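Shown next, in structure tokens, is the structure this report addresses.
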Amino acid sequence: MTLPASNVTHLVDVDVDPRYRVRFITAASLFDGHDASINIIRRMLQAAGVEVIHLGHNRSVKEIVDAAIEEDVQGIAVSSYQGGHVEFFRYMLDMLRDNGRGEIRVFGGGGGVIVPEEIRELEAYGVTRIYSPEHGQRMGLEGIIEDMVKRADFYPGEGLVSDLESTRPLSRSDLARVITLLENETAPRALMASLKQRAANLGRKVPVLGITGTGGSGKSSLTDELILRWRLDHADQLRVAVLAIDPSRRRSGGALLGDRIRMNAIDGDSVYLRSLATRSAVTEVPKKLPDIITATKAAGFDLIIVETPGIGQGDAGIVSHVDVSLYVMTPEFGSASQLEKIDMLDFADCVAINKFDRKGADDALRDVRKQFQRNRTAFEKDLATLPVFGTIASHFNDDGVTALYQELSLQLSVFG
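What follows is the structure, given as structure tokens:
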């Protein structure tokens with residue numbers, strides 16, 4: 054995206070009031086490490102009330118389109134400074150149309166790299182808008198953001214409800230649209246009844262794993278490592294759905310839904326990821342989460358993972374929605390007495406002390422195991438046998454992550 058230097062500091066003066074909940078994918082194109090511009094754009098979109106699924110830099114067309122379909126977005130914003138923008142954007146439009154999602158608005162920018170005749174060519178092909186340096190000078194950053202939001206402010210679910218109520222299997226695109234209807238509280242009762250019937254007709258239980266923990270503890274990276282192990286163990290035959298929740302900003306209503314950027318094992322047909330914002334909920338889970346879980350079960354997945362935003366000491370809202378809960382923390386929790394205040398240590402089925410390579414990790418493991426034991430009056434059990442693990446999700450093939458994975462698999466097997 055084009056960033057006029059005179060406007061870079063004015064990041065929140067956006068005068069736009071979208072009619073619908075607008076969702077955007079933001080990314081820098083393949084072979085492009087220039088992400089400063091797209092980071093500014095996605096921050097301003099958030100300030101304008103947009104839910105932004107940020108993919109980061111060096112993203113292929115397929116990654117962007119797959120994410121756009123699963124996330125059921127109205128807009129895609131891509132910065133491209135690598136010189137292959139004409140082919141990149143044309144291929145993106147072709148892939149969106151091939152997947153029946155040609156209505157998604159595509160926006161781009163690349164400073165002076167994209168020349169005027171190429172802008173005209175791409176917009177004639179179907180790109181909603183390519184922003185040039187001249188747009189930046191004339192409209193300013195705020196004007197560009199307002200233009201993007203207004204062009205993407207449409208309701209994505211119109212005209213498809215009756216089709217979704219049919220008995221045919223739900224595709225990934227169908228599930229994405231159903232979740233949108235549920236999030237927006239516009240799903241008709243007949244659709245919800247159909248989803249519940251589909252889930253009941255499966256003839257098997259679908260276990261639900263809840264992953265929660267403090268902000269910055271590495272929940273997304275740990276989730277990714279667990280998914281990788283399930284894929285390897287089951288030769289990609291286990292269908293896994295991930296519902297990744299992040300908080301909405303109370304002032305603007307926007308949200309940064311950034312879990313995808315941390316996950317490397319979600320590509321392919323066996324894994325589905327949907328990012329959710331808490332929206333008006335006052336807890337760490339959206340109020341429509343139970344219905345969204347039902348819809349995901351109805352789509353035929355074998356395992357559902359719900360990852361919450363970072364939580365505080367008194368939060369344990371995820372427990373009532375899942376079969377098995379995992380609490381993720383780091384060794385830096387202060388004195389051992391602080392552990393007595395953490396509600397999830399009362400309820401969690403497993404605990405991961407992630408970033409276990411940090412100083413004091415062994416002492417933290419001992420203290421957490423003791424607190425876990427006290428909370429359950431399990432004094433007859435050896436501390437080493439309790440489901441509390443030291444993990445380093447950033448390490449390849451980490452033994453602690455593998456031990457955690459084996460324990461979770463054992464506990465989940467009881468539920469399906």
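The sequence shown begins at 54 in the working numbering and counts up by one.
Virtual Cβ for every residue (Gly too), placed ideally from N, Cα, C.
The structure displayed is predicted, hence computed values, not measured ones.
When you compare each of the options to residue i by their alpha carbons, which one comes out closest?
| i | options | result |
| --- | --- | --- |
| E238 | G164, L342 and S305 | L342 |
| V139 | V105, L83, E360 and S247 | L83 |
| V359 | G353, D368 and V338 | V338 |
| S373 | R422, A351 and M397 | M397 |
| M316 | K272, T347 and L285 | K272 |
| K408 | E104, T336 and M382 | M382 |
| A253 | S224, D206 and A348 | A348 |
| Y325 | R284, R304 and H110 | R284 |
| G263 | L291, L379, D200 and R282 | L379 |
| D125 | G153, G109, E460 and A369 | G153 |
| S388 | I117, G370, L418 and V166 | L418 |
| I70 | V118, I232, S224 and R304 | The question names Ile, yet the displayed sequence has Asp at residue 70. D70 has its Cα closest to that of R304, out of V118, I232, S224 and R304. |
| R313 | H110, P222 and D68 | H110 |
Roughly how many whole angstroms lie between the Cα atoms of residue i and residue j?
| i | j | result |
| --- | --- | --- |
| I345 | Q366 | 26 Å |
| V375 | V261 | 5 Å |
| E176 | H188 | 14 Å |
| A437 | F468 | 25 Å |
| F425 | F386 | 15 Å |
| Q135 | T455 | 39 Å |
| D88 | S447 | 23 Å |
| I319 | S328 | 13 Å |
| D452 | S90 | 39 Å |
| P362 | E174 | 42 Å |
| M97 | R427 | 47 Å |
| R204 | S301 | 22 Å |
| K412 | P241 | 53 Å |
| G164 | S132 | 9 Å |
| A130 | G193 | 17 Å |
| Y178 | L146 | 8 Å |
| L310 | I78 | 10 Å |
| L255 | H287 | 20 Å |
| A101 | R112 | 24 Å |
| I122 | Q250 | 25 Å |
| S274 | I280 | 10 Å |
| G137 | V180 | 15 Å |
| A352 | T331 | 22 Å |
| K340 | S333 | 8 Å |
| E156 | A243 | 26 Å |
By the 10 Å Cβ neighbour count, where 16 or more other Cβ atoms means buried, how is residue i classified, buried or exposed?
| i | result |
| --- | --- |
| T267 | buried |
| H107 | buried |
| T265 | buried |
| R182 | buried |
| G443 | buried |
| P384 | buried |
| F491 | The structure shown does not extend to residue 491, since the chain is modelled only from 54 through 469, so no value can be given for it. |
| V168 | exposed |
| H128 | Per the sequence shown, residue 128 should be read as Gly rather than His. The residue in question, G128, is buried, as its Cβ has 16 or more Cβ neighbours within 10 Å. |
| R72 | exposed |
| L149 | buried |
Let me know the secondary structure DSSP gives residue i once reduced to three states.
| i | result |
| --- | --- |
| Y458 | helix |
| R332 | coil |
| A294 | strand |
| L229 | Going by the sequence as given, residue 229 is Ala instead of Leu. Helix at A229. |
| V261 | strand |
| F354 | coil |
| R419 | helix |
| V75 | coil |
| V338 | coil |
| A308 | strand |
| D299 | strand |
| L326 | strand |
| S59 | With a pLDDT of only 33 at S59, under 50, the local geometry of the prediction cannot be trusted, and the value read off the model is given with reservation. Helix. |
| F207 | coil |
Less than 8 Å separating the Cβ of residue i from some heavy atom of the ligand MG?
| i | result |
| --- | --- |
| R303 | As presented, the structure is devoid of all ligands, the ligand MG included, so that no description of it is given. |
Hey, which unbroken runs of the beta strand (DSSP E) at 3 residues or more fall wholly within the stretch 359–414?
377–382 and 403–406
Could you name each continuous alpha helix (DSSP H) segment of 4 residues or more that falls completely within the stretch 142–188, going from the start of the chain to the end?
Within the stretch 142–188, the complete alpha helix (DSSP H) runs of at least 4 residues are 169–178.
Would you mind listing the beta strand (DSSP E) stretches within the stretch 78–139 that are 3+ residues and don't spill past its ends, in chain order?
The stretch 78–139 contains these whole beta strand (DSSP E) runs: 104–107 and 128–132.
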